[in-house]
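Inspection log for the structure reproduced underneath, given as structure tokens.
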Amino acid sequence: MTVSDILILGTGLAGYVTAMEFRKQNTQASVSMLTAGQGHFYSKPTVSTAYAHARSPQDLITQTAEQMMSKYQLNVMTEQTVVEIDSQQKCVRTLTGQTHYYQQYLVLACGAQPRVLKCSGDAIDSVFSLNQWEDYFQLRAALNGSKHVLVIGCGLVGAELCCDLRSGGHQVTCVHDADWPIHTLLPEPMGQALKTALCETGVRWVGSDLVTSVMHDASGFKATLESGRVLNADVVISAIGMEAQIDLAQRAGLVTQKGIVTDAYLQTSDPNIYAVGDCAEVSGWLLFHITPLRRCAQALALSLSGQPTAVSYPAMPVVVKTPCCPVVVSPPLLNIQGHWKIEGQGQDWLGRFESETGDLLGFAVTGQCVRDRAGLHQALVPWMPSEH
Ligand SMILES: Cc1cc2nc3c(=O)[nH]c(=O)nc-3n(C[C@H](O)[C@H](O)[C@H](O)COP(=O)(O)OP(=O)(O)OC[C@H]3O[C@@H](n4cnc5c(N)ncnc54)[C@H](O)[C@@H]3O)c2cc1C
Numbered sequence: 001m002t003v004s005d006i007l008i009l010g011t012g013l014a015g016y017v018t019a020m021e022f023r024k025q026n027t028q029a030s031v032s033m034l035t036a037g038q039g040h041f042y043s044k045p046t047v048s049t050a051y052a053h054a055r056s057p058q059d060l061i062t063q064t065a066e067q068m069m070s071k072y073q074l075n076v077m078t079e080q081t082v083v084e085i086d087s088q089q090k091c092v093r094t095l096t097g098q099t100h101y102y103q104q105y106l107v108l109a110c111g112a113q114p115r116v117l118k119c120s121g122d123a124i125d126s127v128f129s130l131n132q133w134e135d136y137f138q139l140r141a142a143l144n145g146s147k148h149v150l151v152i153g154c155g156l157v158g159a160e161l162c163c164d165l166r167s168g169g170h171q172v173t174c175v176h177d178a179d180w181p182i183h184t185l186l187p188e189p190m191g192q193a194l195k196t197a198l199c200e201t202g203v204r205w206v207g208s209d210l211v212t213s214v215m216h217d218a219s220g221f222k223a224t225l226e227s228g229r230v231l232n233a234d235v236v237i238s239a240i241g242m243e244a245q246i247d248l249a250q251r252a253g254l255v256t257q258k259g260i261v262t263d264a265y266l267q268t269s270d271p272n273i274y275a276v277g278d279c280a281e282v283s284g285w286l287l288f289h290i291t292p293l294r295r296c297a298q299a300l301a302l303s304l305s306g307q308p309t310a311v312s313y314p315a316m317p318v319v320v321k322t323p324c325c326p327v328v329v330s331p332p333l334l335n336i337q338g339h340w341k342i343e344g345q346g347q348d349w350l351g352r353f354e355s356e357t358g359d360l361l362g363f364a365v366t367g368q369c370v371r372d373r374a375g376l377h378q379a380l381v382p383w384m385p386s387e388h
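Going by the numbering used here, the first residue of the sequence shown is number 1, and it counts up by one from there.
Listed below in structure tokens is the structure:
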């Protein structure tokens, strides 16, 4: 059993950045952190570009849990899976039967989980997904000595993985349910430019198709597609997107939608419980990216130290780490009125999403046009202005 002023569930970037920012404000309050994993401090985005650079799992660790504990006066408890939040008793309970109390606040920073691949076959449990450091550890081991990798899904992470694994010398086949990568964010010309670049590096592209089963076979795995096509691979990775972890919060009676619902102060429906990072739906925004997470963690740290601070969002473009065709995209917000103006050729495309009055609401650039990104970023209308 432990008792702390502040208890943070999760040692991903959201949990650690909140703790580090809080320590800038307050060195007295006791802060405990719980994680189901090893508690290493690392940058998750490096996971999808680490293979080609021959970075071992250990190379990705910036600080170990022990180092974080002594540097920021934290009590980090690793390999502790929380199974229950008891908001009446102000505590959480773990799989091993331990209880950890918070006297002031509980911060939920429990992240997102990979979407479940809905298909049949006896090898479903052997399909990898890449979310935590521990996943990279296991995938690296499986890739050793394997030749052919099947990547299911070509969103941001899938596209980066295809590029990374190909650069690392693997044969890569990618099955995607649309005709071009990252189709939910990229207009077609940019998506086609990225697809062509991936294919030119040697990635075998199978578009507009779905994997319906994954089976073991003598040489590894056999995936059957909706079209009837059959693909063989030594390693299968699913990169079909993420879902916020809301189960614990839901069972504790907190309001949830697609994420754990918070206001702009990161406060949930329980005034003593906050949520931050991939698990949090902040004022209706569910964003699985680093920049919003950092802004939220900074605002939350101030609130936790007695200076209530609402988060605001500037426009936050996303850099896709595909060296074969650099991409930066700031997608227009859902349901916002406007239209794309797109120009370019080959790999080099620039698209501006403008309102009727010419305001820049989004952009996407590929290839050489990436050099225009700073100017475009500056011209973007903020997503959530600070006066909201
Ligand atoms: C491969 C990959 C590449 C990415 N690249 C980019 C990029 O280039 N740019 C970008 O902006 N974003 C990128 N992202 C997204 C970004 O990394 C995430 O938004 C961010 O890392 C989420 O941090 P988090 O702390 O909210 O969650 P996580 O890092 O998932 O941390 C969750 C923590 O909660 C703990 N936890 C969860 N449930 C429990 C439980 N029941 N009991 C105990 N502990 C629990 C976990 O152990 C973990 O410590 C990428 C994501 C991936 C997977």
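Just so you know, even glycine gets a beta-carbon here, dropped at the ideal spot from N, CA and C.
Model, not experiment: these values are computed from the prediction.
Check                                                                                                                                                                                            : Outcome
What separation, rounded to the nearest whole angstrom, lies between the Cα atoms of residue 384 and residue 366?                                                                                : 26 Å
So, are the CB atoms of residue 42 and residue 133 less than 8 Å apart?                                                                                                                          : yes
Would you tell me roughly how many angstroms separate the C-alpha atoms of residue 458 and residue 176, rounded to the nearest one?                                                              : Only positions 1 to 388 of the chain appear in this structure, which leaves residue 458 out of reach.
With the cut-off set at 8 Å, would you say residue 362 and residue 326 are in Cβ contact?                                                                                                        : no
Is any heavy atom of ligand 1 found at a distance shorter than 7 Å from the C-beta of residue 293?                                                                                               : yes
Does residue 388 pass the burial test, meaning 16 or more other C-beta atoms within 10 Å, or should it be called exposed?                                                                        : Residue confidence for residue 388 is low, a pLDDT of 45 falling below 50, so the modelled location carries little weight; the figure read from the coordinates is stated next. Exposed, since its Cβ has fewer than 16 Cβ neighbours within 10 Å.
With DSSP as the reference, identify every bridge partner of residue 344, one or two as the case may be.                                                                                         : 349
Does residue 27 pass the burial test, meaning 16 or more other C-beta atoms within 10 Å, or should it be called exposed?                                                                         : exposed
Between the Cα of residue 347 and those of 7, 368, 45, 93, spot the shortest distance and give me the residue it belongs to.                                                                     : 368
Could you check where the alpha helix (DSSP H) with residue 135 kicks off and where it finishes?                                                                                                 : 133–143
Once the 5 residues before and after residue 166 are set aside, which same chain residues still bring their CB inside 6 Å of it?                                                                 : 172, 201, 202, 203
In this structure, how does DSSP classify residue 336 when only helix, strand and coil are distinguished?                                                                                        : coil
Expressed to the nearest angstrom, what Euclidean distance is found between the alpha-carbon atoms of residue 342 and residue 78?                                                                : 49 Å
From residue 333 to residue 276, what distance separates their C-alpha atoms?                                                                                                                    : 21 Å
Check whether the Cβ atoms of residue 130 and residue 9 sit closer than 8 Å, and answer yes or no.                                                                                               : no
May I ask you to report which of helix, strand or coil DSSP gives residue 388?                                                                                                                   : Model confidence at residue 388 stands at a pLDDT of 45, short of 50, so the residue's coordinates are unreliable and nothing is read from them.
Since residue 204 sits in a beta bridge, which residues does DSSP pair it with?                                                                                                                  : 173
Any heavy atom of ligand 1 closer than 7 Å to the Cβ of residue 110?                                                                                                                             : yes
Using CA coordinates, which residue listed in 214, 192, 143 is at the minimum distance from residue 205?                                                                                         : 192
So residue 159 packs on residue 318, CB below 8 Å; how close in whole Å?                                                                                                                         : Residue 159 to residue 318, Cβ: 12 Å. No contact.
Can you tell me whether residue 352 is buried or exposed? The criterion is at least 16 other CB atoms within 10 Å of its CB, across all chains shown.                                            : buried
Tell me whether residue 116 counts as near ligand 1, meaning its Cβ is closer than 7 Å to at least one heavy atom of that ligand.                                                                : no
What three-state label does DSSP hand residue 243 in the structure shown?                                                                                                                        : strand
Terminal residues of the continuous beta strand (DSSP E) containing residue 114?                                                                                                                 : 112–114
Got a sec? Which residues, its chain only, sit under 6 Å from residue 84 by beta carbon, not counting five neighbours each side?                                                                 : 93
Quick one: measure Cβ to Cβ for residue 242 and residue 114, integer angstroms, because I've assumed they're closer than 8 Å.                                                                    : 6 Å
Indicate whether residue 212 and residue 154 have their beta-carbon atoms separated by less than 8 Å.                                                                                            : no
Would you list the one or two residues that DSSP bridges to residue 26?                                                                                                                          : Bridge partners of residue 26: none, in fact.
Between the region 299–311 and the region 256–272, are three or more C-beta pairs nearer than 8 Å?                                                                                               : yes
Please give me, in chain order, every unbroken run of the beta strand (DSSP E) with length at least 3 that falls completely inside the region 66–95.                                             : 74–77, 82–86, 91–94
So, at 6 Å on beta carbons, what are the nonlocal neighbours of residue 413 in its own chain, with the 5 sequence-adjacent residues on each side left out?                                       : The question about residue 413 has no answer here: the residues shown for the chain are numbered 1 through 388.
Identify, in the order they occur along the chain, each residue of the same chain with its Cβ nearer than 6 Å to the Cβ of residue 183, setting aside the five sequence neighbours on each side. : 191
On the criterion of 16 or more Cβ atoms from any shown chain inside 10 Å, does residue 1 qualify as buried, or is it exposed?                                                                    : exposed
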